Amino acid sequence: MDSGKPIGIPALISLYAKLAQNNPHLRQLKASVDIGQIMPNVPQMGRFFTSLSAALQLAADGRLSAGAALRQAEANIRHE
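For the sequence shown, my numbering gives the first residue as 1, with consecutive numbering after it.
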């Protein structure tokens, strides 16, 4: 099942140990979870992700350079 569609970090420790033996990505994901912090659920996070998404799209489409798109995203975040 996991090879068809990765399931992430299993809650069952024995299953994680089995899957992680041959999966460096799963081990890295667990390390990130172990040392990470929960993202706050505040309106500012929505503005951040909306602005960042728009910047990535503008840069990927070639309408702005990556730097210009990120500067525009910063301006959008600071002025909303």
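Think of the CB as a built atom: it goes at the ideal place given N, C-alpha and C, for glycine as much as any other residue.
Just so you know, these numbers come straight off a predicted model, no measurement behind them.
Taking 7 Å as the limit between beta carbons, can you name the residues of its chain near V33, skipping five residues before and five after?
Position 33 of the sequence shown holds residue 33. So the qualifying residues of the chain are I9.
Please say whether A73 and A59 have beta carbons closer to each other than 7 Å?
Indexing the sequence shown from 1 puts residue 59 at position 59. Indexing the sequence shown from 1 puts residue 73 at position 73. The answer is no: Cβ separation not under 7 Å.
Residue environment, S51, which counts as buried when at least 16 other CB atoms sit within 10 Å
Looking up residue 51 in the sequence shown gives position 51. Buried, since its Cβ has 16 or more Cβ neighbours within 10 Å.
Please look up how many angstroms separate the CB atoms of L26 and A20, rounded, as I've assumed it's under 8 Å.
Numbered from its first residue, the sequence shown carries residue 26 at position 26. Numbered from its first residue, the sequence shown carries residue 20 at position 20. So it is a contact: roughly 5 Å between Cβ atoms.
Same chain, Cβ closer than 7 Å to L70, five either side skipped, listed in chain order
Start at 1 with the first residue of the sequence shown, and residue 70 comes out as number 70. For L70, where only same-chain residues beyond five positions count, the Cβ hits under 7 Å are A55.
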